[in-house]
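Residue numbers in the sequence shown follow my numbering, run continuously in steps of one, and reach 321 at the last position.
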Amino acid sequence: MIKKKLNLGMILMSVAGLLFLIILIGLMLFCLNLNSKCVKLEKSNAQYQKENEEKQKEIDGLKAQMKELNEQIIEKDAELMQQSTEEGQATIAPSRGSSSFSHQQLTPGAVLSEQEVSGNYDVYFQEQVIERGDEVFQRIMGKSYQDNDHIGLDQLRYLKLIHYNFNHEIQVGEMIVNAALAQEILSIFKELFMNEYEIQSVFLIDNYWQPGMTGDEADTASIDQNNTSCFNYRPVTGGSTLSDHAYGRAIDINPQQNPYINAAGGYSHTNAAPYIDRSSGLPHMITDGDVCDTIFEKYGFSWGGLWTGPIDYQHFYKKAN
C-alpha cells in the first residue's frame, strides 16, 4: 500500500515537473518573440528617425535655396530699379504718359493676395501723367490742387503702389507727388513693401475733403483717419508760406503713430496721445535708423523727427536740387 502511494506521488511530481517545464519553455519562447519584436520596433524607429532627419535636411536645404533665390531676386530688382533711375527710364512705370492704368486690380484700397503680386511687383508700382480733364484731375481740382503760379499739373505725377496695411494684408495705395521725385518715391515704397513695412492706408488727401474745407482742414481730416499722403497745395502748419506738400516733396507716414508736436509740446490729434512718448515701443512708430527712416534717407529725404521744435515724426521731405 505504501509502495503504491509512493509511485502515485512520483507520478504526480513528474507531471508537475513536466507542466512546469512546458510553462517555462512557453515563457522563454514568449520572451524571445517579444524581444524580437522590440528589436524590430527599435530598428524601425531608428530608420524612421533617420529618414525624418534626411527629409528635414532636404526641407532645410530647399528653404535655404528659396531664401537665397528671393534675396537674389530682390537684389537684381534693386539693381534694375537703380539702373532705371540713373538712365532716366521708367522700368516700373509702364503707364507713364497714359491716362489710365492697364492692370484691372489697381483700385485704391483693394486688398490683394500674395499669389497675385508674387513675381510681378512692377505692375503694382506705376506712374501716371495727370492731364487736365482726366479722372484724377476731376478728383483734385479745387481741392488738393488749384491753378497757381508755383506748381502746374505737368510738374506732378499720380502714383499707384502696394503696401502692407495694419492687418498685414497687401493693399493698393495711391499718391500724387512731384514729377522729379516720382521714380524715387516708387522705389522707396517698393523697398518698404519688400520689407513688409506696414502703412495703414495711402489715399489722396481729396478722399477726406468736405465742401468748404481748406487744405489744412482736409489734412486734419486725413490725419484723423491715420492716412499716409503727399501732395496738398497748402501753407505750412501755423504759417503762410507754402508747405513742401504743396510741391509734392513731402510725405506723411502713419501720422497717428508719428504725430506733429509743436514747439510748446502740444499736439492736435487726440488719437496720437499714446504715441507722444517715443520710448514706449508701440508699433508703427518711426525711430531714428529704423527701416522706414533708413530707406527714405537712402534716397536723400530728410526726417522731421530730427527737428528740435516743432517735431514732425510723420514727415519725410526732399528739397528741390
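Ideal Cβ positions, reconstructed from N, Cα and C, are used throughout, including at glycine.
Expressed to the nearest angstrom, what Euclidean distance is found between the alpha-carbon atoms of residue i and residue j?
i: Asp290; j: Glu198; result: 13 Å
i: Val117; j: Pro108; result: 15 Å
i: Glu54; j: Glu42; result: 18 Å
i: Leu18; j: Lys57; result: 58 Å
i: Leu204; j: Glu51; result: 56 Å
i: Thr294; j: Trp209; result: 32 Å
i: Gly300; j: Gly142; result: 31 Å
i: Thr308; j: Ser279; result: 17 Å
i: Tyr233; j: Leu242; result: 8 Å
i: Gln126; j: Asp244; result: 22 Å
i: Asn167; j: Val111; result: 11 Å
i: Asn35; j: Asn195; result: 57 Å
i: Gly265; j: Phe137; result: 38 Å
i: Asn33; j: Met10; result: 34 Å
i: Ala180; j: Val129; result: 12 Å
i: Asp149; j: Gly304; result: 27 Å
i: Gln49; j: Lys37; result: 18 Å
i: Lys40; j: Leu21; result: 28 Å
i: Lys298; j: Gln146; result: 32 Å
i: Tyr275; j: Ser44; result: 59 Å
i: Ser14; j: Gln47; result: 49 Å
i: Ser302; j: Lys319; result: 9 Å
i: Ile23; j: Phe30; result: 10 Å
i: Leu192; j: Gly119; result: 16 Å
I'd like the list of long-range same chain contacts for residue i, defined as Cβ closer than 8 Å, with 5 residues on each side in sequence excluded.
i: Gly281; result: none
i: Ala263; result: Gly309 and Pro310
i: Ser201; result: Gly109, Asn165, Gln171, Gly173, Gln225, Asn226, Asn227 and Thr228
i: Thr220; result: Ser268 and His269
i: Gly133; result: none
i: Pro235; result: Gly215, Asp216, Thr241, Leu242, Ser243 and Ala246
i: Ser98; result: Any reading at Ser98 is ruled out, since the residue's pLDDT is 43, under 50, leaving its predicted position unreliable.
Name the DSSP bridge partner or partners of residue i?
i: Val236; result: BP columns for Val236 are empty, so no partner.
i: Glu332; result: Residue 332 is absent from the structure shown; the chain starts at 1 and stops at 321.
i: Val177; result: Arg157
i: Phe296; result: Answer is none; Phe296 lacks a bridge partner.
i: Tyr121; result: For Tyr121, which the question treats as bridged, DSSP gives no partner whatsoever.
i: Gln171; result: Val111 and His163
i: His315; result: Asp252
i: Met194; result: Looking at the DSSP assignment, Met194 forms no beta bridge with any residue, so it has no partner.
i: Tyr275; result: BP columns for Tyr275 are empty, so no partner.
i: Trp303; result: Phe316
i: Tyr346; result: In this structure the chain extends from 1 to 321, so residue 346 is not present and cannot be described.
i: Tyr260; result: Asp312
Contact defined as beta carbons within less than 8 Å: I believe residue i pairs with residue j. What is the distance between those atoms, to the nearest angstrom?
i: Gly212; j: Ser144; result: With 8 Å as the limit, Gly212 and Ser144 do not qualify as a contact, their Cβ atoms being about 15 Å apart.
i: His315; j: Asp224; result: Actually they do not touch by this definition, with Cβ atoms about 17 Å apart.
i: Asp288; j: Leu306; result: 7 Å
i: Phe296; j: Ile188; result: 6 Å
i: Ala250; j: Tyr317; result: 4 Å
i: Leu106; j: Tyr124; result: 7 Å
Going by beta carbon distance, what residues of the same chain come within less than 6 Å of residue i, once the five residues before and after it are set aside?
i: Ile343; result: Examination of residue 343 is not possible in this model, given that the chain is present from 1 through 321 alone.
i: Glu349; result: This structure does not reach residue 349, given that the chain is present from 1 up to 321, and the question cannot be answered.
i: Ala272; result: Gln256 and Pro259
i: Ile140; result: Asp206
i: Ile151; result: Tyr247
i: Lys190; result: Phe125
i: Ala16; result: none
i: Ser222; result: Ile205, Tyr208 and Ser229
Checking contacts by CB at 8 Å: is residue i closer than that to chain D?
i: Lys57; result: No chain D appears in this structure, which consists of one protein chain only.
Within the same chain, show all residues whose beta-carbon is closer than 7 Å to that of residue i, passing over the 5 residues directly before and after it, in chain order.
i: Ala182; result: Glu127, Arg157 and Leu159
i: Cys230; result: Met175, Ile176, Val177, His245, Gly248, Ala250 and Ile251
i: Gln155; result: Asn178 and Ala179
i: Glu169; result: Val111
i: Gln82; result: Any reading at Gln82 needs caution, since the residue's pLDDT is 48, under 50, leaving its predicted position unreliable; the model's value is listed next. Nothing meets the Cβ criterion.
i: Ala78; result: The pLDDT assigned to Ala78 is 48, lower than 50, so where the model puts this residue is not dependable, and the model offers no usable value.
Length at least 4, wholly inside the segment 197-248: the alpha helix (DSSP H) runs in chain order: Complete alpha helix (DSSP H) runs here, min 4: 215-224.
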